[in-house]
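Read the structure below first, then the notes.
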Amino acid sequence: MKKFLVYLLTIIFILSALTGCGGVTSTDSEKIDKSMTGMRDYSHKVLYGDEVVVVYGTIGSKQDTAVLYNLAKSYSQGFQKEIRDRFIIKSDVEVNEDDIKNRHIIILGNPETNQLFEKINEKLPMKVIDGSLVVGDKVFKDESVIFKYLIPNPLNKKKYLIVNGALNKKYLPYILYVSTPSRNAEYVIKVNKNEKYVGMFDKTDTQWLINKIGENSWKDDFKTKESEHFIFHYSPLDDNVEKNINKIIEEREKTYEEISKKLNISYDGKIDYYLFMSDKIKKSYKQWDVDFWLGNIYEVYNKENEDSVYKYFIYRVLIDQVGLPLSKFTQLGLYGALDVDSKYSGINIKDVVNSDDYVPLEYLTTGLLIDRSFNRDIVYPEIFSFAKYLINKYGFDKYMEYYKTNLYEEIDKALYSVYKKDLYELEGEWLDYINALEGENSEK
0 MKKFLVYLLT IIFILSALTG CGGVTSTDSE KIDKSMTGMR DYSHKVLYGD
50 EVVVVYGTIG SKQDTAVLYN LAKSYSQGFQ KEIRDRFIIK SDVEVNEDDI
100 KNRHIIILGN PETNQLFEKI NEKLPMKVID GSLVVGDKVF KDESVIFKYL
150 IPNPLNKKKY LIVNGALNKK YLPYILYVST PSRNAEYVIK VNKNEKYVGM
200 FDKTDTQWLI NKIGENSWKD DFKTKESEHF IFHYSPLDDN VEKNINKIIE
250 EREKTYEEIS KKLNISYDGK IDYYLFMSDK IKKSYKQWDV DFWLGNIYEV
300 YNKENEDSVY KYFIYRVLID QVGLPLSKFT QLGLYGALDV DSKYSGINIK
350 DVVNSDDYVP LEYLTTGLLI DRSFNRDIVY PEIFSFAKYL INKYGFDKYM
400 EYYKTNLYEE IDKALYSVYK KDLYELEGEW LDYINALEGE NSEK
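At position 315 of the sequence shown the residue is numbered 314 (numbering that gives the first Met the number 0), and the sequence of numbers has no breaks.
This is the structure in structure tokens:
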């Protein structure tokens, strides 16, 4: 009998390890801790020491796993190092009972790509069923649906769970760009380019629910004007845009043609281009997210802000038709190499690479964000110059091959796959090239 019990306990342990957090026994009837009040409480707890496990999925394709792992790495990049260190990255098969008991959890993906998501899907207030998102009284079927929300973890109602995912694998790379839940919006559902829902959960002692979802927060009370490739939207009260609309159209159409020709990419349909008088007014509309991949651009256009940022926006809409690389380094570098933006053109790159402020490229390739602590006037010229060097020496087609490989392979593997050299070796080549430049040629 003793041997049988030992055998039985061993089997239970193995099954628990294989299924991930298998020993957790939280039930739907368990009451939610009274301290669990929402995003403000979660932020306070993380700020003052609580740890968070960011869980990426491994049950999809190799590319799905690479994308989700990269998203997990990028999740804490906007925080100070002290807070970043509290974010622990684990795969869905590595999460254990200790994590569920003692840490907040963030799960990324959907039930097809993340084993933990699949395990708790039925316990969630938004369920993914047959490729649709079921939320209260609504069912969303658009392939572009992205969602993010905060609830007490159904596996441990003393800790929080953030669910951030997409219905379709195609849109997984963009899930971080949806607005973060806040004290006034515990859930965000981005359905398509002009449909978005934000709101608060209906709270009981045992669960947070959505009985009836609110109204579409998207509102468009703008005046419109169409051009060949754009539909411009702006307030009828915006005299500055009204006065300059023909100039705006001319500049943006010219930029579209230039970038489209260089990339050999066009946008199918027209780009919706929103112009705002101020950032404050832009933020007063709840629907705006960064969603270049859906063909939307949101620009603050006023007398103090008539700069070239629109060129980057147009570039993003076009290049996102190819996809979003695992590293912003790759996507940003290509933009700089196109030579459509003169913002950093007067900076002497030789002075940059030989200064104490030079940042080795390995620190600029870590994910979807460039570390905010780095000086943009240093690192952007570095990134632009390196990409331009690769294109000038090895050709544009090679760079695009590398770009597409970086959609699912990390930088070093992507570079080696295409150039048969790693980042360190290519950086050395580039630095040698820069240091050999003379005079005006070093301003690139």
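By construction, the Cβ of each residue, glycine as well, lies at the ideal position given by its N, Cα and C atoms.
Let me know the alpha helix (DSSP H) ranges lying completely inside the segment 290 to 331, each 4 residues or longer, listed in chain order. Annotation note: the segment 290 to 331 contains the following uninterrupted alpha helix (DSSP H) runs of length 4 or greater, listed N- to C-terminal: 308 to 318.
For the beta strand (DSSP E) that residue 146 lies in, which residues bound it at each end? Here residue 146 corresponds to residue number 147 of the sequence shown, with the count starting at 1. Residue 146: member of the beta strand (DSSP E) spanning 145 to 152, first to last residue.
Between the segment 196 to 214 and the segment 95 to 106, are three or more C-beta pairs nearer than 8 Å? Segments in contact, no.
Can you name, in chain order, every residue of its own chain whose Cβ lies under 7 Å from the Cβ of residue 281, other than the five neighbours on each side? Position 282 of the sequence shown, counted from the start, is the residue given in the question as residue 281. If we look at residue 281 and ignore the five residues flanking it on each side, its Cβ neighbours are 275, 287, 297, 299.
Limits of the unbroken beta strand (DSSP E) element including residue 164: The residue labelled residue 164 in the question sits at position 165 within the sequence shown. Boundaries of the beta strand (DSSP E) harbouring residue 164: 155 to 165, taken from the DSSP string.
With burial defined as no fewer than 16 other Cβ atoms inside 10 Å of the residue's Cβ, what is the status of residue 109: buried or exposed? As a first step, residue 109 is located in the sequence shown; it is residue number 110 there, counting from the start. With 16 or more other Cβ atoms within 10 Å, it is buried.
When the Cα atoms are used, what is the spatial distance from residue 111 to residue 307? The residue you call residue 111 lines up with position 112 of the sequence shown. The residue you call residue 307 lines up with position 308 of the sequence shown. Distance between the alpha carbons of residue 111 and residue 307 is about 41 Å.
Alpha-carbon spacing of residue 178 relative to residue 187, whole angstroms: In the sequence shown, residue 178 corresponds to position 179, counting from 1. In the sequence shown, residue 187 corresponds to position 188, counting from 1. Spanning the two alpha carbons is a distance of roughly 7 Å.
Reducing DSSP to helix, strand and coil, say where residue 512 ends up. Limits of the chain in this structure are 0 at one end and 443 at the other, which puts residue 512 out of reach.
Could you give the DSSP three-state label for residue 435: helix, strand or coil? The sequence position of residue 435 within the sequence shown is 436, counting from 1. The answer is helix: DSSP assigns residue 435 an H, G or I state.
Rounded to whole angstroms, what's the CA-CA distance from residue 59 to residue 251? Just pull it up for me. Looking up residue 59 in the sequence shown gives position 60. Looking up residue 251 in the sequence shown gives position 252. Cα to Cα, residue 59 sits roughly 39 Å from residue 251.
Mind reading off the beta-carbon distance from residue 331 to residue 266? Whole number of angstroms is fine, and I expect it under 8 Å. Within the sequence shown, the letter at position 332 stands for residue 331. Within the sequence shown, the letter at position 267 stands for residue 266. Between the beta-carbon of residue 331 and that of residue 266 there is about 20 Å, and that puts the pair past the 8 Å contact cut.
Beta-carbon spacing of residue 150, residue 217 below 7 Å: As a working note, residue 150 is residue 151 in the sequence shown. As a working note, residue 217 is residue 218 in the sequence shown. Not in contact: residue 150 and residue 217 (Cβ atoms no closer than 7 Å).
In or out: residue 423 buried (at least 16 other Cβ within 10 Å) or exposed? By one-based count along the sequence shown, residue 423 stands at place 424. Exposed.
Measure the C-alpha to C-alpha separation of residue 239 and residue 258 and round it to an integer number of angstroms. For the purposes of this step, residue 239 is taken as residue 240 along the sequence shown, with counting starting at 1. For the purposes of this step, residue 258 is taken as residue 259 along the sequence shown, with counting starting at 1. Near 26 Å, if we compare the C-alpha coordinates of residue 258 and residue 239.
Can you give me the C-alpha to C-alpha distance between residue 183 and residue 66, rounded to a whole angstrom? Sequence index remark: in the sequence shown, residue 183 carries index 184 (1-based). Sequence index remark: in the sequence shown, residue 66 carries index 67 (1-based). Rounded to whole angstroms, residue 183 to residue 66 spans 30 Å at the Cα level.
Output yes or no for whether 7 Å exceeds the beta carbon distance between residue 144 and residue 190. Walking along the sequence shown from the start, residue 144 turns up at place 145. Walking along the sequence shown from the start, residue 190 turns up at place 191. Cβ distance < 7 Å, so residue 144 and residue 190 count as in contact.
Considering Cα atoms alone, identify which of 224, 380, 74, 81 is closest to residue 52. As a position in the sequence shown, residue 52 is number 53, starting the count at 1. Comparing Cα positions, the closest option is 74.
Flag this pair as yes or no: are the beta carbons of residue 360 and residue 76 separated by less than 7 Å? Walking along the sequence shown from the start, residue 360 turns up at place 361. Walking along the sequence shown from the start, residue 76 turns up at place 77. Between residue 360 and residue 76, the gap from beta carbon to beta carbon reaches 7 Å or more.
Keeping to the same chain, check which residues put their C-beta closer than 8 Å to that of residue 83; ignore five residues upstream and five downstream. In the sequence shown, residue 83 corresponds to position 84, counting from 1. Sequence-distant Cβ neighbours of residue 83 in its own chain, meaning closer than 8 Å and more than five residues away, are 75, 76.
Simplified DSSP state of residue 360, which is helix, strand or coil: Stepping through the sequence shown from its first residue, residue 360 is reached at position 361. Helix, per DSSP.
For a minimum of 4 consecutive residues, which ranges assigned as the alpha helix (DSSP H) are wholly contained in the segment 402 to 433? If we require 4 residues or more, the alpha helix (DSSP H) runs fully inside the segment 402 to 433 come out as 410 to 418.
Pick out whichever of 269, 228, 223, 406 has its Cα sitting closest to the Cα of residue 253. Residue 253 sits at position 254 when you count from the first residue of the sequence shown. The residue with the shortest Cα to Cα distance from residue 253 is 228.
State yes or no: is the C-beta of residue 326 within less than 7 Å of the C-beta of residue 382? For the purposes of this step, residue 326 is taken as residue 327 along the sequence shown, with counting starting at 1. For the purposes of this step, residue 382 is taken as residue 383 along the sequence shown, with counting starting at 1. No. Outside cutoff.
Rounded C-alpha distance that separates residue 118 from residue 158: Within the sequence shown, numbered from 1, the residue matching residue 118 stands at position 119. Within the sequence shown, numbered from 1, the residue matching residue 158 stands at position 159. Going by the C-alpha atoms only, they are around 17 Å apart.
Quick one: using the 10 Å Cβ neighbour count with 16 as the cut-off for buried, is residue 79 buried or exposed? Stepping through the sequence shown from its first residue, residue 79 is reached at position 80. By the neighbour-count rule (16 or more Cβ atoms within 10 Å), residue 79 is not buried but exposed.
Bridge partners - residue 55, DSSP secondary structure assignment: Counting from 1 along the sequence shown, the entry for residue 55 is found at position 56. Per DSSP, 90.
Put residue 111 into one of helix, strand or coil per three-state DSSP. One-based indexing of the sequence shown puts residue 111 at position 112. Reduced to three states, the DSSP call for residue 111 is coil.
Simplified DSSP state of residue 274, which is helix, strand or coil: In the sequence shown, the residue the question calls residue 274 occupies position 275. Residue 274: strand per DSSP, three-state reduction.
Quick one: is residue 102 buried, meaning 16 or more other Cβ sit within 10 Å of its Cβ, or exposed? Position 103 of the sequence shown holds residue 102. The residue is buried, with at least 16 neighbouring Cβ atoms inside 10 Å.
Could you check how far apart the C-beta atoms of residue 334 and residue 311 are, in whole angstroms? I think they sit under 8 Å. Walking along the sequence shown from the start, residue 334 turns up at place 335. Walking along the sequence shown from the start, residue 311 turns up at place 312. Indeed, because the Cβ distance is near 6 Å, the residues count as touching under 8 Å.
On the DSSP bridge list, what partners appear for residue 139? Stepping through the sequence shown from its first residue, residue 139 is reached at position 140. Under DSSP, residue 139 shares a beta bridge with 132.
For residue 355, the nearest candidate out of 337, 371, 377, 36 (CA to CA): The residue you call residue 355 lines up with position 356 of the sequence shown. Of the candidates 337, 371, 377, 36, the one whose C-alpha sits nearest the C-alpha of residue 355 is 377.
How is residue 394 classed by DSSP in three states: helix, strand or coil? One-based indexing of the sequence shown puts residue 394 at position 395. In this structure, residue 394 counts as coil in the three-state DSSP scheme.
Evaluate residue 272 with the Cβ neighbour count: other Cβ atoms within 10 Å of its Cβ, from every protein chain shown; 16 or more gives buried, anything less gives exposed. As a first step, residue 272 must be located in the sequence shown, where it is residue number 273. That one is buried.
Terminal residues of the beta strand (DSSP E) in which residue 191 lies: Numbered from 1 along the sequence shown, position 192 holds the residue referred to as residue 191. Boundaries of the beta strand (DSSP E) harbouring residue 191: 186 to 191, taken from the DSSP string.
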